[in-house]
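Note sheet for the following structure.
There are 2 protein chains.
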Amino acid sequence: MKDYILYSWNIIPIAVFYALPVMQLVFSYQVMHNNTGNEDKCYYNFMCANSFGQLSAFNNVFSNTGYILLGILYLIIVRLKATYGNSSEDKKYFGLHYALGIALIMEGVLSGSYHVCPNRSNYQFDTSYMYIMVCLTTLKLFQNRHRDELASAHVTYIWLAVFAIIAVLGLVCGTLAFWIILVFVHIGASCILTCLYYNEGHWRRPDENTQNADEKVVIGQTILIVVVNLFNLSAAIAAAVVQPDDFETYLLGVLMINSGLYFLFYIIMKPVCGECYAVFSVLWFFVAIGLWIPAWIYFRQGLTRWETTPAISREGNKDCSWFDFYDDHDIWHFLSAGALFFTFLTLLTIDDNLDGEGADDIAKF
Amino acid sequence: MKDYILYSWNIIPIAVFYALPVMQLVFSYQVMHNNTGNEDKCYYNFMCANSFGQLSAFNNVFSNTGYILLGILYLIIVRLKATYGNSSEDKKYFGLHYALGIALIMEGVLSGSYHVCPNRSNYQFDTSYMYIMVCLTTLKLFQNRHRDELASAHVTYIWLAVFAIIAVLGLVCGTLAFWIILVFVHIGASCILTCLYYNEGHWRRPDENTQNADEKVVIGQTILIVVVNLFNLSAAIAAAVVQPDDFETYLLGVLMINSGLYFLFYIIMKPVCGECYAVFSVLWFFVAIGLWIPAWIYFRQGLTRWETTPAISREGNKDCSWFDFYDDHDIWHFLSAGALFFTFLTLLTIDDNLDGEGADDIAKF
């Protein structure tokens with residue numbers, strides 16, 4: 208019997224062992240920036256870089272506290288729901304939710320670290336926990352309908368480690384050969400994962416599931432699988448042709464679109480299978496959307512661009528926007544922290560309308 | 208029921224997520240060394256620094272392959288023993304052995320990374336997996352006699368993460384206040400761990416164990432606990448007074464002496480409880496000693512000293528010793544890799560004389 212609570216415990220040493228050298232790395236860049244006077248290694252928004260202590264852009268570091276505080280709040284909420292909620296759900300199934308809360312806290316720590324000295328090579332530290340959060344939300348959606356078919360925590364985290372290696376390889380050796388290999392890896396992964404999904408976590412669909420399958424669900428799953436694989440095929444080939452400079456954001460985009468397609472499928476299948484939407488889930492969803500839209504606008508302000516030269520990046524720098532202290536990117540931090548928090552709340556409450564129903568009675572899709 | 212095989216799986220993502228930023232950090236130092244011409248950031252043995260590609264001291268990096276190769280060999284041996292060995296032992300009890308093999312491989316990767324640019328702040332990456340190996344060997348000895356009382360993998364790795372944080376804190380803020388707090392932390396940890404050991408992994412000794420306790424074992428355990436606590440008390444106070452510059456080596460020394468005391472107790476208690484020594488275990492032990500002694504001599508050659516200034520460190524530099532390519536520190540790498548390998552083999556075979564005996568028949572100490 209898999210103990211899914213380990214999703215929450217196992218992420219802790221991974222987080223600590225990752226963050227320690229990252230923080231050391233970025234501080235060594237900061238010290239070098241301060242000591243040498245070379246201002247081209249760190250792509251700050253020099254028109255709103257408020258220094259404090261050794262930090263050149265303290266505002267860009269401090270504004271990440273939103274992730275940390277909301278991550279802690281999310282952990283508290285999950286704990287309360289697990290302890291006092293209506294669901295008869297075994298506490299271990301909250302393991303992924305706890306892991307999401309911890310991942311949100313770590314996003315704050317690592318994004319803050321990135322902003323100590325933002326540049327191409329440090330950007331991966333900002334995105335690594337974004338990958339983890341997207342993957343964990345997708346897995347939680349899967350687990351809602353396939354309780355015990357989800358892989359154990361150590362299996363998932365090993366694959367996330369492999370993903371992290373690929374992310375770094377793309378950064379350091381983004382050659383044509385790498386991109387060609389990546390096409391096959393991407394398409395292969397898409398096929399394998401959709402196959403595992405269709406067969407409910409197995410390599411072959413259990414016979415009783417085939418016999419009892421709801422026709423509408425099978426049609427829906429088939430459409431999902433076709434759309435997801437078409438998307439991944441297109442993305443893999445397009446990326447090999449374009450070879451985007453910002454490999455990390457490309458990877459994140461692929462993950463988010465896959466996750467988004469699955470979420471869309473999920474909220475379509477609920478009424479198809481005769482389920483209502485949980486009221487609070489709908490509320491949190493629209494609050495999340497209401498935060499993601501302005502967050503995205505602020506993110507796209509392009510205050511700094513490490514894909515270009517330091518001089519060109521400086522041309523995009525802008526004055527502070529809030530309180531003569533925070534710039535547009537800080538506002539992105541605040542808004543996206545809230546957006547992530549409410550996205551996780553949406554996930555936490557998405558099946559609240561099913562509280563009290565046995566696991567076997569819940570529609571599987 | 209705790210699944211101890213997770214000791215082997217959980218260490219993998221921890222290792223990957225740790226190594227990725229570490230390698231990036233040290234390469235950024237190397238690039239800075241190459242581009243700026245500042246030769247004081249990396250404490251090479253300049254009289255035997257054979258460059259290759261971007262690496263200034265390729266020999267000091269390459270000589271770490273011994274750890275990697277012997278780590279792989281140890282994993283193969285453990286796998287063979289688990290599959291074909293005489294023991295009726297459940298495969299999950301080999302989890303710690305697999306973890307040791309992986310840790311040995313990681314020691315090679317991280318020591319190699321350290322030697323890309325050896326200095327005070329990077330030294331922690333060399334020692335971090337040494338801490339893990341010492342802790343895992345101690346835990347394995349404990350598990351040999353208290354099969355199911357050992358903590359689960361995720362608990363151990365979380366505490367190792369806490370230890371890693373302490374190691375970094377000692378590096379970045381080794382103030383008097385830190386040392387004073389460390390005294391209490393050190394002594395407290397010693398008391399708690401020896402208490403947990405005496406009570407066989409519990410906070411209170413199970414009643415049946417108290418009634419059935421062998422008097423000789425109790426006396427032996429009492430002596431061990433007193434000696435260990437006296438040592439830790441003395442070390443903690445002495446360190447707070449001296450405040451050693453090389454905090455990482457101090458921590459490693461403390462861990463190794465504690466582990467060594469427990470190992471000494473273990474090999475004394477075997478004949479006290481009427482057990483023989485396993486022949487191969489004795490053989491591997493003396494081979495290990497035979498490698499540790501010369502390894503230690505080569506380690507103490509002091510070719511570089513990042514505790515001093517770059518100029519003073521250069522005064523200790525020496526010519527290559529082997530094949531006009533490897534220096535004494537490379538020889539330390541080769542010898543210590545072998546010594547660690549045979550130390551682990553000693554641990555793997557230490558109770559081979561008990562093969563076939565049920566877990567309940569094995570003396571508990």
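Sequence order for the protein chains is D and F. Quick note on our numbering: the first sequence kicks off at 208 and runs consecutively. Quick note on our numbering: the second sequence kicks off at 208 and runs consecutively. From the three backbone atoms N, C-alpha and C, an ideal C-beta is built for every residue, glycine too.
Heavy atom of the ligand ATP within 6 Å of residue i beta-carbon
i, result
"ASP210(D)", "No copy of the ligand ATP occurs in the structure displayed, which carries no ligand at all."
Spatial distance of residue i from residue j (CA atoms)
i, j, result
"ASP210(F)", "LEU343(F)", "16 Å"
"VAL424(F)", "PHE572(F)", "6 Å"
"SER528(D)", "TYR338(D)", "29 Å"
"TRP366(D)", "ALA518(F)", "46 Å"
"ASP537(D)", "PRO220(D)", "28 Å"
"LEU262(F)", "TYR404(F)", "46 Å"
"VAL340(F)", "LEU282(D)", "Note that residue 340(F) corresponds to Met in the displayed sequence, not to Val. So the alpha carbons of these two residues sit roughly 33 Å apart."
"THR382(F)", "ILE373(F)", "13 Å"
"PHE224(D)", "SER328(D)", "19 Å"
"ALA310(D)", "ASN406(D)", "29 Å"
"MET476(F)", "ALA546(F)", "24 Å"
"TRP216(D)", "GLY308(D)", "12 Å"
"THR289(D)", "ASP535(F)", "Looking at the sequence shown, residue 289(D) is not Thr but Ala. Whole-angstrom Cα-Cα distance: 58 Å."
"GLY292(F)", "ILE218(F)", "25 Å"
"LEU431(F)", "GLY467(F)", "11 Å"
"TYR469(F)", "ALA368(D)", "35 Å"
"SER318(D)", "ASN271(D)", "7 Å"
"HIS240(D)", "GLU246(D)", "6 Å"
Any chain F beta carbon closer than 7 Å to residue i
i, result
"TRP513(D)", "no"
"ASN217(D)", "yes"
"HIS409(D)", "no"
"HIS361(D)", "yes"
"PRO501(D)", "no"
"PRO451(D)", "no"
"ILE365(D)", "yes"
"LEU262(D)", "no"
"LEU431(D)", "no"
Run of the alpha helix (DSSP H) containing residue i, from where it starts to where it stops
i, result
"MET254(D)", "Counting along the chain, MET254(D) falls outside any alpha helix (DSSP H), and DSSP gives it neither H nor E."
"MET340(F)", "330-352"
"PRO501(D)", "486-506"
"SER263(F)", "Segment: none, SER263(F) is in no alpha helix (DSSP H) and carries neither H nor E."
"PHE454(F)", "454-479"
"LEU561(D)", "Here LEU561(D) belongs to no alpha helix (DSSP H), and DSSP marks it neither H nor E."
"PHE370(F)", "360-379"
Cutoff 7 Å: residue i Cβ touching any chain D Cβ
i, result
"VAL223(F)", "yes"
"ALA368(F)", "yes"
"LEU389(F)", "no"
"LEU213(F)", "yes"
"LEU232(F)", "yes"
"VAL341(F)", "no"
Which of helix, strand or coil DSSP assigns to residue i
i, result
"TRP513(F)", "coil"
"TRP576(D)", "Only positions 208 to 572 of chain D appear in this structure, which leaves residue 576(D) out of reach."
"LEU547(D)", "helix"
"LEU287(D)", "helix"
"GLY408(D)", "coil"
"GLY427(D)", "helix"
"HIS322(D)", "coil"
"PRO154(D)", "Because chain D in this structure spans residues 208 to 572, residue 154(D) falls outside the shown range and cannot be described."
"TYR211(D)", "coil"
"ALA420(F)", "coil"
"LEU400(D)", "helix"
"PHE234(F)", "helix"
"PHE224(D)", "helix"
"ASN245(D)", "coil"
"ASN524(D)", "coil"
"ASP355(D)", "coil"
"THR553(D)", "helix"
"THR272(D)", "helix"
Between the region 496-510 of chain D and the region 433-451 of chain D, do at least 3 Cβ pairs fall closer than 8 Å?
By the Cβ criterion, the region 496-510 of chain D is not in contact with the region 433-451 of chain D, since fewer than three pairs of Cβ atoms, one from each stretch, lie closer than 8 Å.
Does the structure place the region 535-552 of chain F close enough to the region 468-485 of chain F that three or more beta carbon pairs sit under 8 Å?
As far as the Cβ criterion goes, the region 468-485 of chain F does not touch the region 535-552 of chain F, which means the pair count is below three.
Would you call the region 290-301 of chain F and the region 250-257 of chain F in contact, with 3 or more CB pairs under 8 Å?
No: fewer than three Cβ pairs fall under 8 Å.
Residues of the region 456-486 of chain F with Cβ closer than 8 Å to any Cβ of chain B, in chain order
The structure shown contains no chain B; its protein chains are D and F.
Quick check: the region 554-564 of chain F against the region 484-494 of chain F, are at least 3 beta-carbon pairs closer than 8 Å?
With a cut-off of 8 Å, the region 554-564 of chain F and the region 484-494 of chain F count as touching, because enough Cβ pairs lie within range.
Measuring CB atoms only, is the region 262-272 of chain F touching the region 354-365 of chain F, in the sense that at least three cross pairs come out at less than 8 Å?
The region 262-272 of chain F vs the region 354-365 of chain F: no contact.
Flag this pair as touching only if the region 519-526 of chain F and the region 560-569 of chain F have three or more C-beta atom pairs under 8 Å; answer yes or no.
With a cut-off of 8 Å, the region 560-569 of chain F and the region 519-526 of chain F do not count as touching, because too few Cβ pairs lie within range.
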